[in-house]
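Its first residue numbered 656, the sequence shown is counted upward by one per residue in the numbering used here.
Beta carbons: idealized from backbone N, C-alpha and C, even for Gly.
Here is the structure we will look at, set down as structure tokens.
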Amino acid sequence: MYLFFKTSKISAANNITLITNSKYFWSYKFASSTRYTAGLYLDHFYFFCHNTTQHNKKVKNTKLLMNKTNNGLLISIEGIDGSGKSSLAYNLTQKCHEAGYPIILTKEPGGTPFGMRLRPLLNYQEEPLAPRAEFLCFAADRAHHFEQLILPALSEGKIVISDRLADSSLVYQGYGRGLDCSMIQTVNAWAMQNRFPDIIFYLKIDPQKAIERIIARNATLTSFEKEVAFVTRTAEGFEQLVAPRKEVLTLDALEDQEKLADQAFLHVQQWRQAHNL
């Protein structure tokens, strides 16, 4: 069962959620003693699990009507840094929730406690990682993410929306870092147990516009945002390796956020209808 809370901040310390009042987080549980919480704060998603025994009394009366899919629906949102992936993931999740769909919001890396620990090591590399090592770190996170979260959720007929999945490694470490793309695809398939996204929303944006957005955040740049040339290469990589595929819907990242969410939600509805869900 899904339990929805309105909150603006989350703390990994002692696995405790701090309840405030400006952003939404989502919680659900797979077992009687475990609850997973996901949400958006300052354009960053957080997803972690914690024991829910002490929370059961607070949420035992929470009810939400859900429409269940037969085999689940896996959606990934892709694009270069600064394209607005996190905003679209958040807004689309809201629309699916309002429609009564069983929905889980997650991200890579960071969709599990392991991923949360790994994320800052990859995003803020004190010493640049060798490209192969960088990819294998992402692959390890992906394998754990699918095993622990995504595949169990899909088996329960839920919709899973992920801010980045395998295509980000194909583009960033393959096209961007120059690694063998076929090898990356092979390792990704193994890590994902051959369960690929049903829908991929690709947010297309001019690299210079993306860089302007990144700078406007006034936040510490990640290792992937610091090089203008690398941002440009990854934009080219998405155009060549991702955009042409049939499961990909390309969206104009400069459109209004609400309009983008409406377009994505309409596509989700059409997919469900086409698959008699």
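Residue i to residue j span [Cα, whole Å]
i	j	result
P862	C792	26 Å
Q924	L932	9 Å
A916	P899	21 Å
T877	N778	5 Å
P783	L776	10 Å
L909	P764	25 Å
L760	F879	23 Å
L904	V883	26 Å
R819	S731	6 Å
T889	K881	13 Å
D835	F769	26 Å
A756	D907	Rather than Ala, the amino acid found at residue 756 in this sequence is Tyr. C-alpha separation (whole angstroms): 25 Å.
G892	A754	34 Å
H930	G727	11 Å
T767	H799	8 Å
G737	A795	25 Å
E781	T841	29 Å
Y683	A874	Per-residue confidence for Y683 stands at a pLDDT of 37, beneath the threshold of 50, marking its modelled position as unreliable; no derived number is given.
Q928	Y857	22 Å
R772	K762	13 Å
Q918	Y827	26 Å
H922	I735	21 Å
Range of the contiguous alpha helix (DSSP H) that encloses residue i
i	result
T877	Element bounds for T877: n/a, residue is neither H nor E.
Y779	Per DSSP, Y779 belongs to no alpha helix (DSSP H) and is neither H nor E.
L921	912-929
T887	883-892
L804	Careful: L804 lies outside any alpha helix (DSSP H) and carries neither H nor E.
N746	740-753
T841	836-846
R900	Note, R900: premise wrong, no alpha helix (DSSP H); not H, not E.
I860	Run containing I860: none; DSSP gives neither H nor E here.
Bridge-paired residues (DSSP) for residue i
i	result
K762	D818
S603	Past the boundaries of the shown model lies residue 603; the chain is included only from 656 to 932, so the question cannot be answered.
8 Å contact criterion, which residue i and residue j should meet: CB distance rounded
i	j	result
S824	I814	The Cβ separation is near 23 Å, so there is no contact.
F920	L747	6 Å
I855	I816	Not confirmed; about 11 Å, so no contact.
V897	E733	6 Å
V886	I860	Between I860 and V886 the Cβ distance is about 10 Å, and since that is not below 8 Å, they are no contact.
F801	A844	That belief does not hold up - the Cβ atoms of F801 and A844 are roughly 11 Å apart, past 8 Å.
A821	R797	7 Å
G739	Q912	7 Å
Residue i - containing beta strand (DSSP E), residue span
i	result
T905	903-907
Count the CB pairs spanning the segment 835-852 and the segment 800-815 that are closer than 8 Å, and state whether there are at least three.
Touching, yes, given that three or more Cβ pairs across the two stretches are closer than 8 Å.
Does the structure place the segment 829-849 close enough to the segment 738-746 that three or more beta carbon pairs sit under 8 Å?
For the pair of segments examined, the segment 738-746 was found not to touch the segment 829-849: the number of CB pairs separated by less than 8 Å stays below three.
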